[in-house]
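**Q** So for the sequence shown, the working numbering puts the first residue at -9; every next one is plus one.
Backbone N, C-alpha and C fix where the C-beta goes; we use that ideal spot for every residue, glycine too.
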Amino acid sequence: MVRVMTWVLRFQPKAKDFRQYTELTNEELLNAQKIIFRVVQKECYSNEETRKNLRGLQVFEDEEGILRLKSRLINEEESKYFISPIILPSKHLADIPLNNVSDLDQIEKTNIVLRWRYIQKVRENLKQRFKREYLGFLRSSVTKRED
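1) How is Thr76 classed by DSSP in three states: helix, strand or coil?
2) How should Met(-9) be labelled, buried or exposed, when 16 other C-beta atoms within 10 angstroms of its C-beta is the threshold for buried?
3) What's the gap between the Cα of Arg(-7) and the Cα of Asn21?
4) Could you tell me which residues DSSP puts in a beta bridge with Val49?
5) Applying the criterion that 16 or more other CB atoms from any shown protein chain within 10 Å of the CB defines a buried residue, is Val(-2) buried or exposed?
6) Alpha carbon to alpha carbon, what distance is there between Leu59 and Leu44?
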């Protein structure tokens, strides 16, 4: 969802004049993520009835217009996202990656191919070693038991 929003944001102002076919930057992805946060918060917390669920919490709006929770954490070594988390509804469809795992299309194709070849080679070596060493041992132990 974030990647689609980022492509839309990139396409919108430059649709007539300039086309940009490079990879999405982190700045563009973060901008799209913030827009999605604002849209979700506006949709879920716009009226007074839904805001009453937040009354027991210390909520503030940051400089980007995103609702955040004031926490008791004051340690400056932590990031602002940990100290004051973004408020999102629990039941809302929010397919936003909250961890720092890269998307599959950002991983280089050559690395995937090399990794796949390596796994195939390891599997083949294990099969051959099993047939050569362990399978012979099992056959000899079975014949000894039958005697």
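**A** The answer reads as follows:
1) A small correction: the amino acid at residue 76 is Ile; Thr does not occupy that position in the sequence shown. DSSP places Ile76 in strand when its eight states are reduced to three.
2) Here Met(-9) is exposed. Its C-beta has fewer than 16 other C-beta atoms within 10 Å.
3) Using only the alpha carbons, I get a separation of about 11 Å.
4) Residue pairing for Val49: DSSP places it in a beta bridge opposite Leu59.
5) So Val(-2) counts as exposed.
6) Going from the Cα of Leu44 to the Cα of Leu59 covers about 10 Å.
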